[in-house]
């Protein structure tokens, strides 16, 4: 692990639709975004995001943990998240890691 360099490792996350949060965070946690217009602050919960796009909950969590600079954006592009068990990366012969 080198924190100042992109080592080129890619991560494939499957079954993102089966993510659970502890406690009542699924309904009480809020994602806030701003449209740029006056009064344009939009709120969403993980439960609403899971209904629309289950991959976005994991992507938002991981993006929040990465550095907010060019390296963080490049590292985020190395992650692929899929809601189901199927993914189009079989040709790269991914190694399964069960944690």
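Residue numbers (this note's numbering): 3 to 101.
Backbone N, C-alpha and C define an ideal beta-carbon position, used for all residues, glycine too.
Bridge partners of residue i, per DSSP?
i: residue 82; result: 14
i: residue 34; result: 45
Could you give the first and the last residue of the continuous alpha helix (DSSP H) run that contains residue i?
i: residue 60; result: 57–67
i: residue 2; result: Residue numbering for the chain in the displayed model covers 3 to 101; residue 2 lies beyond these limits and cannot be assessed.
Thinking C-alpha only, which one of the options is nearest residue i?
i: residue 79; options: 13, 7, 3; result: 13
i: residue 43; options: 66, 21, 32; result: 32
i: residue 35; options: 89, 26, 47, 27; result: 47
For the beta strand (DSSP E) that residue i lies in, which residues bound it at each end?
i: residue 43; result: 43–46
Distance, Cα to Cα, residue i vs residue j?
i: residue 74; j: residue 63; result: 13 Å
i: residue 60; j: residue 18; result: 7 Å
Count the other CB atoms, across all protein chains shown, that sit within 10 Å of the CB of residue i; report buried if there are 16 or more and exposed otherwise.
i: residue 56; result: buried
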